[in-house]
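This report refers to the structure that appears directly beneath it.
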Amino acid sequence: MNPYILATFLLSLGLGTTITLTSSHWLFAWMGLEINTLAILPLMAQQHHPRAVEATMKYFLVQATGAATLLFASTTNAWLTGQWDILQMSHPLATTTAILALSLKIGLAPLHTWLPEVLQGLDLTTGLILSTWQKLAPFALLIQIQPTNPLILVVLGITSTLIGGWGGLNQTQLRKILAYSSTAHLGWMVLILQFSPSLALLTLATYLIMTSSTFLVFKLNKSTNINTLATSWAKAPALTTLTPLILLSLGGLPPLTGFMPKWLILQELTKQDLAPIATLTALTALLSLYFYLRLTYAMTLTMSPNNVTGTAPWRLPSLQLALPLATLTMTTISLLPLTPTVTTLFML
Numbered sequence: 001m002n003p004y005i006l007a008t009f010l011l012s013l014g015l016g017t018t019i020t021l022t023s024s025h026w027l028f029a030w031m032g033l034e035i036n037t038l039a040i041l042p043l044m045a046q047q048h049h050p051r052a053v054e055a056t057m058k059y060f061l062v063q064a065t066g067a068a069t070l071l072f073a074s075t076t077n078a079w080l081t082g083q084w085d086i087l088q089m090s091h092p093l094a095t096t097t098a099i100l101a102l103s104l105k106i107g108l109a110p111l112h113t114w115l116p117e118v119l120q121g122l123d124l125t126t127g128l129i130l131s132t133w134q135k136l137a138p139f140a141l142l143i144q145i146q147p148t149n150p151l152i153l154v155v156l157g158i159t160s161t162l163i164g165g166w167g168g169l170n171q172t173q174l175r176k177i178l179a180y181s182s183t184a185h186l187g188w189m190v191l192i193l194q195f196s197p198s199l200a201l202l203t204l205a206t207y208l209i210m211t212s213s214t215f216l217v218f219k220l221n222k223s224t225n226i227n228t229l230a231t232s233w234a235k236a237p238a239l240t241t242l243t244p245l246i247l248l249s250l251g252g253l254p255p256l257t258g259f260m261p262k263w264l265i266l267q268e269l270t271k272q273d274l275a276p277i278a279t280l281t282a283l284t285a286l287l288s289l290y291f292y293l294r295l296t297y298a299m300t301l302t303m304s305p306n307n308v309t310g311t312a313p314w315r316l317p318s319l320q321l322a323l324p325l326a327t328l329t330m331t332t333i334s335l336l337p338l339t340p341t342v343t344t345l346f347m348l
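All residue numbers for the sequence shown refer to the UniProt record's numbering, where the first residue is 1 and numbers rise by one.
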């Protein structure tokens, strides 16, 4: 793709998210989401591969449905209460419809079924944008909506953590595993959203860091399924040593960064007298941890089944920048001792 055109699309992507983040009127927020969707579609379809084009079409239809439902919810709220302000959404019907529309846009269970299929059809760079940047605008709107019935967010959260862990168990494709991982992490965020929005933002920040480092590792190794992970040793031995720590951090294992938000969320749920929900959520984290352990095992303790004659693929030099990956990797692994500082910054 022409660099000028690419820059235009990336700037439009940033513009759409910024408009949504800074708007207080539902129409402006909706417009930002639409710009966001339209800007990423050419990036998704740039490979001209049937899978990429199919994924782009699926993504467009899902996002258009979510945006239309959101517009319907905000119009309904304006009709019933006379308010277009995002913070003034008070009618139960409009609030519930808006929450479900935003859940569809970010891929919360049970509205998550499009996410693994779409992510599987994309390359790892576009998949990284889809899994990180594209979550920001809908999540910002979700934080601003105060549900009239708090049960809906709890149900969405538990369902997402359960299905996100369950769905990834039998997968061999890394992008599908990361899609289910995304659903599970979003479930944790939505679960705590109404009790502590700042904690939900902290969880989102750690999720963005950990997912970015995971995608960049897979991109460096050119890995798309579990079998190709086994060639990582010959490509980048030092990085392969650290990658299990990144994966286990995603799973929320102490003493890694991923443990911090899970620990604080379980503590907050217990404070809210929701110990049974906290216990259930902690148990669903074990499902996710299992498939991260599978990836760790495949990467460190197995040999590659590919007998390639001629130039071995792992001898080719990588053109990827090392600094972003190094920074994100160290943040993913070593942020837990800074928990007091982080909680102060996020005013928890």
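Even for Gly, the Cβ is constructed at its ideal location relative to N, Cα and C.
Boundaries of the alpha helix (DSSP H) harbouring Ala322: Ala322 to Ser334, taken from the DSSP string.
In terms of Cα proximity to Leu87, the closest of Phe72, Ser23 and Thr97 is Ser23.
Shown here, Asn170 sits in coil according to DSSP, grouped into three states, outside any helix or strand.
Fully enclosed alpha helix (DSSP H) runs of no fewer than 4 residues occupy 124-131 and 133-144 of the segment 122-156, in order along the chain. In this structure Tyr4 is exposed. Its beta-carbon is surrounded by fewer than 16 other beta-carbon atoms within 10 angstroms. Buried is the label assigned to His112, since at least 16 other Cβ atoms lie within 10 Å of its Cβ.
Annotation: the continuous alpha helix (DSSP H) that includes Ile99 extends over Pro92 to Ile106.
In the structure shown, the three-state DSSP call for Asn225 is strand. Bounds of any alpha helix (DSSP H) do not take in Trp84, whose DSSP letter is neither H nor E. Taking a cut-off of 8 angstroms for Cβ pairs, the segment 7-16 and the segment 25-40 touch, as three or more such pairs fall below it. If you ignore the 5 residues before and after Ser182, its C-beta comes within less than 6 angstroms of the C-beta of Ser131, all in its own chain and listed in chain order. A check of alpha carbon separations from Asp123 across Gly252, Leu216 and Leu295 identifies Leu216 as the nearest. Taking Thr95 as the centre and dropping the five residues before and after it, the same chain places the C-beta of Met89, Ile145, Pro147 and Thr148 closer than 7 angstroms to its C-beta, in chain order. When the alpha-carbon of Thr65 is set against those of Pro92, Leu264 and Ile106, the nearest one is in Ile106. For Thr20, the enclosing alpha helix (DSSP H) has its first and last residue at Pro3 to Thr22. The continuous stretches of alpha helix (DSSP H) do not include Phe346, and DSSP gives it neither H nor E. The alpha-carbon of Thr327 is positioned some 11 angstroms away from that of Met210. Counted as a single uninterrupted DSSP element, the alpha helix (DSSP H) harbouring Ala275 occupies residues Ala275 to Thr300. Contact between the segment 252-261 and the segment 329-336 is present: 3 or more CB-CB pairs across the two stretches fall below 8 angstroms.
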